[in-house]
Amino acid sequence: MSNFRNIKVKEPEAGESLVKIKGAALNHRDIWILNGQIPDPSPVGSVFASDAVGTVVKNGSTAAVEVGQRVLINPGHGWDSDKRAPERTFGILGLHPLPGKRTLAEFVTIESKELVPCPDHLSDTEAAALPLVGLTAFRALFRKAEVKKGDHVLITGIGGGVAITALQFAIAAGAYVYVTSSSPKKIQRAVNLGAKGGVSYKDENFVGELKKLLGDNLLSAIIDGSGGPLYQQYPQVLQSGGIIVNYGQTAGVAPFNGSAFFKNIELRGSTMGSRRELHEMVSFVKDHQIKPIVSQVWHGLSEKSVKEALRVMNQGQQFGKLVIQIDNN
Numbered sequence: 001m002s003n004f005r006n007i008k009v010k011e012p013e014a015g016e017s018l019v020k021i022k023g024a025a026l027n028h029r030d031i032w033i034l035n036g037q038i039p040d041p042s043p044v045g046s047v048f049a050s051d052a053v054g055t056v057v058k059n060g061s062t063a064a065v066e067v068g069q070r071v072l073i074n075p076g077h078g079w080d081s082d083k084r085a086p087e088r089t090f091g092i093l094g095l096h097p098l099p100g101k102r103t104l105a106e107f108v109t110i111e112s113k114e115l116v117p118c119p120d121h122l123s124d125t126e127a128a129a130l131p132l133v134g135l136t137a138f139r140a141l142f143r144k145a146e147v148k149k150g151d152h153v154l155i156t157g158i159g160g161g162v163a164i165t166a167l168q169f170a171i172a173a174g175a176y177v178y179v180t181s182s183s184p185k186k187i188q189r190a191v192n193l194g195a196k197g198g199v200s201y202k203d204e205n206f207v208g209e210l211k212k213l214l215g216d217n218l219l220s221a222i223i224d225g226s227g228g229p230l231y232q233q234y235p236q237v238l239q240s241g242g243i244i245v246n247y248g249q250t251a252g253v254a255p256f257n258g259s260a261f262f263k264n265i266e267l268r269g270s271t272m273g274s275r276r277e278l279h280e281m282v283s284f285v286k287d288h289q290i291k292p293i294v295s296q297v298w299h300g301l302s303e304k305s306v307k308e309a310l311r312v313m314n315q316g317q318q319f320g321k322l323v324i325q326i327d328n329n
């Protein structure tokens with residue numbers, strides 16, 4: 001990772017706002033970008049990261065927010081409101097094609113329509129942790145999996161930001177939630193947050209253990225960010241017409257077998273969400289007074305703090321988001 005540099009702040013033009021970043025959060029995709037696992041043709045030395053909360057300090061003409069307002073930054077651009085997919089070329093902050101629009105910095109100049117008022121009940125640290133995982137979890141749960149009160153839902157890989165946020169959202173919606181992890185401690189923490197129980201995805205009797213938790217029930221949906229061979233076993237615990245929503249494949253290709261087709265099980269891909277869904281998600285968080293789970297906080301934007309945060313994320317032991325507090329004022 002390159003050293004930190006001083007870069008001239010871009011003055012906001014019409015429809016833009018200059019935001020002073022108060023806190024930024026990391027995502028696994030930041031590590032993948034640095035490791036070259038996600039091709040990024042952005043110039044060498046570009047700033048990265050996608051999540052942030054900040055304060056509007058200056059507006060161009062026709063800006064849609066007020067100076068002094070605390071705001072969340074939309075981590076994705078090019079997707080306004082279509083329920084199916086982006087209307088234009090979709091870009092994510094911290095990755096091409098949005099050079100200069102990244103959040104691990106003291107300031108960012110951005111279109112004011114991409115800013116959302118931050119709920120008052122969230123601290124800066126909690127708010128910084130919300131946008132990307134909140135948007136991803138919200139769309140996966142409610143738009144793609146169509147989760148509703150009384151549904152039985154499995155969320156895989158608990159411990160990661162999207163999975164934990166999906167757990168919080170599903171419980172707030174009145175669903176019964178089960179989780180998977182290789183860590184008994186993470187499963188217990190999920191139970192403490194309201195999950196009905198959890199199983200290790202490394203257990204040879206994975207399906208049998210999950211069936212014990214479900215009793216006479218079957219899953220209406222699975223929210224998964226891993227993929228991998230367990231997809232061959234999921235039809236045994238999914239109801240007919242059940243839905244698997246996949247937002248990542250860190251465990252490899254997700255194979256389907258014949259039983260999935262006979263049970264009319266659907267596999268739906270999901271990536272983040274639209275600006276409209278971001279507003280809906282923030283309203284949901286406000287209405288239910290949900291607070292993102294933060295695993296660790298570093299104070300001050302420095303090469304040391306960023307490298308340490310990336311090291312912790314790479315180890316994968318965290319439960320919740322990793323946040324760098326940039327401005328305390």
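Residue 1 is where the sequence shown starts when you use UniProt numbering, and the numbers rise one by one after that. A virtual CB, placed ideally from N, CA and C, is assigned to each residue, including glycine.
Supposed contact pair residue j and residue i - C-beta distance, whole angstroms, cut 8 Å
i, j, result
"Val108", "Ala221", "Not confirmed; about 35 Å, so no contact."
"Ala52", "Ile73", "5 Å"
"Leu219", "Gly197", "Their Cβ separation, rounded to whole angstroms, is 13 Å, which puts Leu219 and Gly197 out of contact at 8 Å."
"Lys321", "Ala129", "4 Å"
"Val323", "Val282", "Contact flag wrong, Cβ pair sits at about 18 Å."
Straight-line gap, residue i to residue j (C-alpha atoms, nearest Å)
i, j, result
"Gly174", "Gly150", "6 Å"
"Val116", "Gln168", "21 Å"
"Met272", "Leu141", "11 Å"
"Ile265", "Gln236", "11 Å"
"Ala64", "Ile21", "18 Å"
"Leu135", "Thr180", "21 Å"
"residue 342", "Ala172", "Residue 342 lies beyond the range of the chain shown here (1 to 329); nothing can be said about it."
"Gln325", "Pro131", "16 Å"
"Phe261", "Ile244", "13 Å"
"residue 330", "Lys202", "A query on residue 330 cannot be resolved here, the shown segment of the chain reaching from 1 to 329 and no further."
"Val297", "Thr125", "8 Å"
Closest by C-alpha distance to residue i, when choosing among the options
i, options, result
"Cys118", "Glu111, Ser112, Ala127 and Ile110", "Ala127"
"Ala25", "Val19, Ser50, Arg5 and Gly15", "Ser50"
"Ser123", "Pro229, Lys291, Ala260 and Ala64", "Lys291"
"Ser112", "Thr89, Arg70, Glu106 and Asp120", "Arg70"
"Gly76", "Ile326, Glu277 and Ile324", "Glu277"
"Ser270", "Lys263, Gly248 and Ser302", "Gly248"
Three-way DSSP call (helix, strand, coil) for residue i in this model
i, result
"Arg268", "strand"
"Phe48", "coil"
"Glu111", "strand"
"Ser283", "helix"
"His77", "strand"
"Ile243", "strand"
"Asp224", "strand"
"Val199", "strand"
"Ser302", "coil"
"Ile187", "helix"
"Gly55", "According to the sequence as given, residue 55 is Thr; it is not Gly. Three-state DSSP puts Thr55 in a strand."
9 Å Cβ cutoff, residue i in contact with chain D
i, result
"Gly23", "Of the protein chains in the structure, only one exists, and it is not chain D."
> Are the segment 310-325 and the segment 10-18 in contact at 8 Å, needing three or more beta carbon pairs?
Replying inline: The segment 310-325 vs the segment 10-18: no contact.
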